[in-house]
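Just so we're aligned: 40 in our numbering is position 39 of the sequence shown, and the numbers increase by one with no gaps anywhere. What follows is a set of notes on a single structure, which appears directly below.
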Amino acid sequence: MIANKIRAYLDLNEIKYVTVQHSAAYTAQEIAASAHIPGRELAKTVVVRIDDKLAMVVIPASNRVSPVALERVVGSSNVRLAQEHEFASRFPDCELGAMPPFGNLYDMEVYVDPDLSKDEMIAFNAGSHTDLIVMRYADFERVVQPKVLVPMV
Numbered sequence: 002m003i004a005n006k007i008r009a010y011l012d013l014n015e016i017k018y019v020t021v022q023h024s025a026a027y028t029a030q031e032i033a034a035s036a037h038i039p040g041r042e043l044a045k046t047v048v049v050r051i052d053d054k055l056a057m058v059v060i061p062a063s064n065r066v067s068p069v070a071l072e073r074v075v076g077s078s079n080v081r082l083a084q085e086h087e088f089a090s091r092f093p094d095c096e097l098g099a100m101p102p103f104g105n106l107y108d109m110e111v112y113v114d115p116d117l118s119k120d121e122m123i124a125f126n127a128g129s130h131t132d133l134i135v136m137r138y139a140d141f142e143r144v145v146q147p148k149v150l151v152p153m154v
């Protein structure tokens, strides 16, 4: 089921979106296969710690976050993947590992891979391991205001 906080926010902002139900899946690649979406077109949300703050990095499901590369592009020498116990309480309406990339609603900055910003549509977990949200990237950008990362080569 789509997280109530996300549904309310999208509806309040008059965003057109669709939800896609799929069989339970826990990795981004499993979700992409279950929902019949190419892994490079499905966005996954990775929670990181940049210095002393939690942030979200939104990347294609087929990619991985490199903390070293992320350090270069955000200008910090202290970036690491966050551990679940560090952020679980921020997402009471979501299943752990199925957080939608709406950091603005969870007091986190959002960084997005430049490849996702080039697509017309974006698909991502809706707060559960059985639902996705698909919406226009332009609408996502308008309501979330993510920082587009320079390529992490």
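Glycine included, every Cβ here is placed at the ideal spot set by N, Cα and C. None of these values were measured; they are calculated from a predicted model.
Check, Outcome
"Nearest candidate by alpha-carbon position, reference V144, set F88, A127, D12", "D12"
"Start and end residues, alpha helix (DSSP H) containing K6", "5 to 13"
"Where P93 falls: helix, strand or coil (DSSP)", "coil"
"Beta strand (DSSP E) segment containing D155, residue limits", "Any question about residue 155 goes unanswered here, given that the chain covers just 2 to 154."
"Segment limits, beta strand (DSSP E) that includes E110", "110 to 113"
"CA-to-CA distance, A70 to S24, given in whole angstroms", "34 angstroms"
"Whole-angstrom distance between V58 and R8, CA atom to CA atom", "21 angstroms"
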